[in-house]
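Position in the first sequence (from 1) plus 355 gives the number in the numbering used here. Cβ atoms here follow ideal geometry from the backbone N, Cα and C, with glycine treated the same way. Structure record follows, encoded as structure tokens.
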Amino acid sequence: MPELPEVEVVRRGLARWVAHRTVADAEVLHPRAVRRHTAGADDFAHRLKGHRIGTPSRRGKYLWLPLEDTGQAILAHLGMSGQLLVQQHSAPDEKHLRIRIRFTDVQGTELRFVDQRTFGGLSLHDTTGDGLPDVIAHIARDPLDPLFDDEGFHQALRRKRTTIKRALLDQSLISGVGNIYADEALWRSRIHYDRPTAGFTRPRTAELLTHIRDVMNEALAVGGTSFDSLYVNVNGESGYFDRSLDAYGREGLPCKRCGTPMRRRPWMNRSSYFCPKCQRAPRVTP
DNA sequence: CCTAGAACCTGCGAGC
DNA sequence: TGCTCGCAGGTTCTAG
């Protein structure tokens, strides 16, 4: 389940293996993978052809590859199961191969978008002045962005009439945080996922942001070690997954701080994991 | 305008 | 054995 650290690992892999190569042709094997490209699969493929790829960028869970001299960029979102792989031409097609992009050089490799659950996809969009694809203008900066506005985020929390985990997953407030890192950061901060954001103090917001950044940087440190591999990213995960998570997926296991059995609660069609002792539920549920 | 919840997808494992 | 059902979950759309 790619969140910010996993996507950043992919971006670095693309910078190493795909940037500065010229597209020979693109092949769309499943129309749903380009559904955000409203002009359709043929148009998508046609527009890539012959253009050179620039330096890949990322905001939150989105990444994009500029197409040099076009004012456009290939926008990618991995959804829940998407992978971008650099494979030899001779490698057999993956079962869920959706898009293949070949290049004009003789490196012998191609870029493949593989996605089992088809929530992800690629699309082509105009970029605005700062190089951002226009369709993600509403996505907030992520907490690892040097220009992320901590005070602005705090004020936004105070203004909202919502609860903290909802806010963390709202990509227009803060991007890059998904279900897993939200639970991890909340556990570290000893904050219950259903706590209303309106009462957050400045120190509480600051501490939460620190934990979010710590969790992400730790994941990045683990996932960022396999750049030498031909694969941009072998499995779409950073390796942090196999490492010790403190909250996510630990239902019934002792809290690593106080030993109390961790709990899982159904929440927004998914799950929230928390320690019932360290992360006290708010008195009044909104 | 704001917030909550459903819908979109497929594979896997548990339970019957 | 084979079926059903719950679960995984980011984003977008719709309803209230």
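Go through its chain and collect everything with a Cβ distance to residue i's Cβ below 8 angstroms, but skip five positions before and after it.
i: Val570; result: Tyr536, Glu539, Ala540 and Arg543
i: Val490; result: Arg391, Leu430, Ser478 and His480
i: His509; result: Phe555, Arg557, Thr560 and Ala561
i: Asp500; result: Arg414
i: Phe629; result: Asp538, Leu541, Trp542, His547, Tyr548, Ala602, Met617, Arg618 and Arg620
i: Leu502; result: Arg496
So, for residue i: in the same chain, excluding its five sequence neighbours on each side, which residues have a beta-carbon less than 6 angstroms away from its beta-carbon?
i: Gly434; result: Phe474 and Gly475
DSSP has residue i in a bridge; who is on the other side?
i: Gln438; result: Val469
i: Phe458; result: Val378
i: His480; result: Ala428
i: Val383; result: Ile454
i: Phe629; result: Arg618
i: Ser412; result: Trp419
i: Thr518; result: Pro551
i: Gln324; result: Nothing about residue 324 can be read from this structure; the chain reaches only from 356 to 641.
i: Pro609; result: Pro616
i: Arg407; result: Thr377
If residue i sits next to residue j, beta carbons under 8 angstroms apart, how far is it from one beta carbon to the other, in whole angstroms?
i: Ile408; j: Ala370; result: In fact, because the Cβ distance is near 10 angstroms, the residues do not count as touching under 8 angstroms.
i: Ala511; j: Leu528; result: 5 angstroms
i: Pro411; j: Arg467; result: Not quite, the Cβ-Cβ distance comes to about 16 angstroms (not below 8 angstroms), so this is no contact.
i: Glu361; j: Ile454; result: So it is not a contact: roughly 19 angstroms between Cβ atoms.
Residues in its own chain within less than 7 angstroms of residue i by CB, not counting five upstream and five downstream?
i: Arg635; result: His547
i: Ala428; result: Trp419, Leu420, Pro421, Leu422, His480, Thr482 and Pro488
i: Pro637; result: His547, Asp549, Arg550 and Pro551
i: His401; result: none
i: Pro386; result: Ala396
Under DSSP, the alpha helix (DSSP H) around residue i begins and ends at which residues?
i: Pro357; result: Run containing Pro357: none; DSSP gives neither H nor E here.
i: Leu422; result: Looking at the DSSP string, Leu422 is not in any alpha helix (DSSP H); the run it does join, the beta strand (DSSP E), is Tyr417 to Leu422.
i: Ile546; result: Note, Ile546: premise wrong, no alpha helix (DSSP H); not H, not E.
i: Asp485; result: Counting along the chain, Asp485 falls outside any alpha helix (DSSP H), and DSSP gives it neither H nor E.
Requested in this report: Assess, as a yes-or-no matter, whether the stretch 514-530 is touched by the stretch 434-447 under the definition of 3 or more beta carbon pairs within less than 8 angstroms.
Outcome: Not touching, per the Cβ criterion.
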